[in-house]
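Undergrad:
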Amino acid sequence: MKRSRTQADQVAEVMRALGGYATLAELYQKIPVQQWGTKTPFATIRRILQTDRQQRFFRIRPGLWGLTDRQDEILRQLGIGAQEPPETVIEFNHAYYQGLALQIGQLRNHLVFAPKSDWKKPFLKGTLRDLITVDDVPPFTYEELCNRARTVDVVWFQQRPAGLFPYAFFEIEHTTDFQNSLLKFADFQDFRIRFFVVASVAREPEFRKRIRAVAFDGIRDWVKFVDYETLGRLYEREVYAQKAGI
């Protein structure tokens, strides 16, 4: 007797059609969850990925999952396999979280920017360039500060009567010192810009120690620490809200 097709089967089929790996948000967009009869389809997909009895799925990064039977192939394709040099893995991590921050900004109706030097970096099945909606930082202030803003990992812009103005800055700190990012933020302390440092939760104590320095008195209340897991959940939440029409 043929086994009936389960929700987990559908998740696996869609993931395979997407190339063997996908974000939870991509799965939610592609799977016909309206046929499932559940009030919490997003949570259901997450539960399936985490607890599938056949262990068909593995977590690549927060919010990113792959098929276990293609694990080695997927990790090699993404450049994060066991044989890859550490710097390649670091570059993937930086670009991945940079891409999530860009997508969250878009979902919140911001125009988004990343430095031109990062445009060719791979992000999932494309590049960061695919996500960027502002090619250059507009002249919102003195040229020296505009040049400084061009080095920020991710910038969200909002439209104002006088033109585009930065709404938020994100710096991805996978291994580098928080000092440089905080000094960069301090240059903009006279502007109403939100500042975010994105890093592993294990690095939060180091961040807290750094930001206590007197040099950062002017920005301490404006800089927020966001760990990788939280950034992944924020992206998923924004996709869910958009699809629900909220």
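So the sequence shown is residues 1238 to 1483, counted in the working numbering.
Idealized CB from N, CA, C, for every residue including glycine.
#1: Going by beta carbon distance, what residues of the same chain come within less than 6 Å of threonine 1233, once the five residues before and after it are set aside?
#2: Does the distance from the CB of leucine 1365 to the CB of glutamine 1343 come in under 8 Å?
#3: What residues are listed by DSSP as bridge partners for alanine 1405?
#4: Would you call the CB atoms of lysine 1358 and glutamate 1324 closer than 8 Å?
#5: Per DSSP, tryptophan 1231 forms a beta bridge with which residues?
#6: Excluding sequence positions up to five away, which residues of its chain have a Cβ less than 6 Å from the Cβ of glycine 1318?
#7: Since I believe tyrosine 1265 is in contact with glycine 1303 (beta carbons under 8 Å), could you give me their beta-carbon distance rounded to a whole number of angstroms?
#8: Kindly confirm or deny that the region 1381-1392 and the region 1406-1421 touch, where touching means at least three C-beta pairs closer than 8 Å.
#9: Starting from phenylalanine 1350, follow the beta strand (DSSP E) in both directions and report where the run begins and ends.
#10: With H, G and I counted as helix, E and B as strand and the rest as coil, what does DSSP make of glycine 1363?
TA: Per the coordinate set shown:
#1: In the structure as shown, the chain starts at 1238 and stops at 1483, and residue 1233 therefore has no counterpart that could be examined.
#2: Position 128 of the sequence shown, counted from the start, is the residue given in the question as residue 1365. Position 106 of the sequence shown, counted from the start, is the residue given in the question as residue 1343. The answer is no: Cβ separation not under 8 Å.
#3: Taking the first residue of the sequence shown as position 1, residue 1405 is located at position 168. Its beta-bridge partners are Trp1393 and Arg1431.
#4: Position 121 of the sequence shown, counting from 1, holds the residue named residue 1358. Position 87 of the sequence shown, counting from 1, holds the residue named residue 1324. Their beta carbons are not under 8 Å apart, which means lysine 1358 does not touch glutamate 1324 by this criterion.
#5: Because the chain spans 1238 through 1483 in this model, residue 1231 falls outside it and cannot be assessed.
#6: Residue mapping note: residue 1318 aligns to position 81 of the sequence shown, counting from 1. These residues qualify, in order along the chain: Leu1312.
#7: As a working mapping, residue 1303 is identified with position 66 in the sequence shown. As a working mapping, residue 1265 is identified with position 28 in the sequence shown. Rounded, the Cβ-Cβ distance is 16 Å, inconsistent with contact.
#8: yes
#9: Position 113 of the sequence shown, counted from the first residue, corresponds to residue 1350. Segment 1348-1350, the beta strand (DSSP E) holding phenylalanine 1350.
#10: One-based indexing of the sequence shown puts residue 1363 at position 126. Correct three-state label for glycine 1363: strand.
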